[in-house]
Every structure is written in structure tokens, then in C-alpha cells.
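The structure under discussion appears below in the form of C-alpha cells.
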Amino acid sequence: MTPRRVLALASVGVLAGFFSGMFGVGGGIAIIPLLVIALHYQPRLASGTSLTAILPITVVGGLGYSVAGNVDWVIAGCLAVGAVVGSFFGTQVLVRIGQHWVQGGFIVFQVVMAVVLFLTAPERDAEVGYSVPLLAVVVLIGFITGGLSGLFGIGGGVTIVPLMMLIVGMGDLAARGTSLVMMIPTAIVGTLNNLRNGNADVPAAVLIGCSAVPASLGGVAVAGLISPQLSNVLFAALIVVSATQLTIKAWRQRGSA
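The sequence shown begins at 58 in the numbering used here and counts up one residue at a time.
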């Protein structure tokens, strides 16, 4: 751990933490490409290290939103149940229908979500009316998200936040806070698996996570200050970045094959 490497990992944590707090995403959308491109990690190790670093980020960010009353614990619980199950079984189901088809479909889905978010003005104080069909849909969204996260190394809030706003009818802040809280059990399960398999750079993950914590709280504060419309536009731009990363990854995999 040279001083230059410590600074680089801390910078990754600050960037990931701010994105996580502001948009309700885990932070992997920033951590994974930066570890691979800037620090020359293998993609698999970068994904495992990212998931380990995300744990403290989601805990602190979730608490930040919770203090302001922007977490729907019922929805978060349903999402978490679906995501944990999806992390075990979703990947196997998705792989059977061909990873390249799933990957292409997910990229198209993200592009559509970005366009819809650009054109949508969410209600910040929207309330959710619970029903059995709605909660079943929420569990299904969690399951699909868990499978996608395991398959591509990203997913999480990039998938959940727009679906919570567009399908469930949540306000933008509540969708982000709920997204962060539901990621906590998934991150714990994934981290334990990665540690057992030796697929995580633990010192790097700890440094990234510790650096991300104050930045995450800063992101939560900024999210509450900007308008829902501007927040939607910025989040849509982040989704476009995610879709672009997946497209590049798919193109490289196809070229290698």
C-alpha cells in the first residue's frame, strides 16, 4: 500500500460514496470500472472488492435517509427478500436463457428507463398504498435485481430506484433511501461469499468504504436540496453511464469469444 495507491483508493471511495448517497445506488457503478481501469484489477476481483466496500456505504447512506423519514421499511423488506433469493437462484435461471440475450435486454431496459426519467417529474412526497399484488411485484423486482447484480456485477439501485418511482409510485427520496436499505442484507450475503472464496481485496475494500462514508452523507444532503426534476435528469444520466459500461463490457466479451 503505497501512499499513491492509498490516495487512489480513497478517491474511489469518495466518488462512490457521493453517488451512493445522492442517487440511492450501491456505488459499484463507480467502484468497479475505476478499480479495473485505474488500478488494474481483474474484473472478478474488482466486483468482489466493490461488494465488500458497498456494505458500510449502504448502511450509512440508508441511515441518513432513514433519519429524514425517507425509507419505506415494508417495501425495503420485500425487496431484500427477493434480492437475497435472487442472488442465489436468479443467476442460474438467467444464464439458461443465454447471458448475451439477458445482457442486451438489460442494456435496452436501462436506456428506456433513462428516457422515461428524463420525461418524468416525480412527486417528492408521494405515498404508497400497500396491496398484496403490489408487494408481490416488489418481491419480483428484488429477485430480478439480485440476479442481475450477480450476473453483471452491477444492478442494485440503478434498477430499483426508477422502478420504485415508476411502478410503485414512490417519491424520489423515499425510493433512494429504500434502495440503500434493501441492499444491506444482499451486500452481507455477497460479502461473506466473496470472503469465503478469496474474491475480495479486503484492505482496499475497507479503505474505499471508510472514505465513502462521509461522502455518502454529503450525497444524501445534496439529494434533499435539489429539485426532483433535476434529480431525475442527473439520475437518468447516471443510468446512461451504466448502460454504456455494460455495452463496452459486452463488446469486449464478444471480441474475446
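Ideal placement from N, C-alpha and C gives every residue a C-beta, glycine not left out.
Cβ neighbours of residue i in the same chain (closer than 6 angstroms, five flanking residues each side left out)
| i | result |
| --- | --- |
| L91 | V69 |
| L220 | I198 |
| A293 | A171, L174, F175 |
| Y98 | L92 |
| A231 | N127, D129 |
| G121 | L274, V277 |
Anticipated Cβ contact below 8 angstroms, residue i with residue j, distance rounded
| i | j | result |
| --- | --- | --- |
| I198 | G139 | 7 angstroms |
| S268 | V71 | 5 angstroms |
| G276 | F75 | 4 angstroms |
| M227 | A183 | 6 angstroms |
Alpha-carbon spacing of residue i relative to residue j, whole angstroms
| i | j | result |
| --- | --- | --- |
| V126 | G84 | For the record, residue 126 in the displayed sequence is Gly; it is not Val. When rounded, the distance between both Cα atoms is 22 angstroms. |
| L105 | P190 | The displayed chain sequence assigns Gly, not Leu, to residue 105. Spanning the two alpha carbons is a distance of roughly 34 angstroms. |
| T304 | I217 | 20 angstroms |
| V165 | L205 | 14 angstroms |
| A137 | N254 | 23 angstroms |
| I94 | G266 | 19 angstroms |
| L96 | Q302 | 17 angstroms |
| C135 | G203 | 12 angstroms |
Cut-off 8 angstroms between Cβ atoms - residues of its own chain near residue i, not counting five sequence neighbours on either side
| i | result |
| --- | --- |
| T177 | M222, L223, N289 |
| L252 | T109, V259 |
| L27 | This structure cannot speak to residue 27, because the chain is shown only from 58 to 314. |
Residue i and residue j closer than 8 angstroms at C-beta
| i | j | result |
| --- | --- | --- |
| V82 | G214 | yes |
| I86 | V279 | no |
| V185 | V225 | yes |
| I114 | S144 | no |
| V63 | L264 | yes |
| Y187 | V131 | yes |
| I245 | L112 | yes |
| G161 | G234 | no |
Closest Cα partner of residue i within the set the options
| i | options | result |
| --- | --- | --- |
| I241 | A261, P285, A133, G275 | A133 |
| V167 | W308, I296, L120, R309 | It should be noted that the sequence gives Gln, not Val, for residue 167. Checked all of W308, I296, L120, R309; the closest Cα to Q167 is I296. |
| R309 | P60, I201, P100, A65 | P100 |
| T243 | E180, M79, I201 | I201 |
Cutoff 7 angstroms; reference residue i; Cβ partners in own chain excluding five residues on either side
| i | result |
| --- | --- |
| V117 | V270, S273, L274 |
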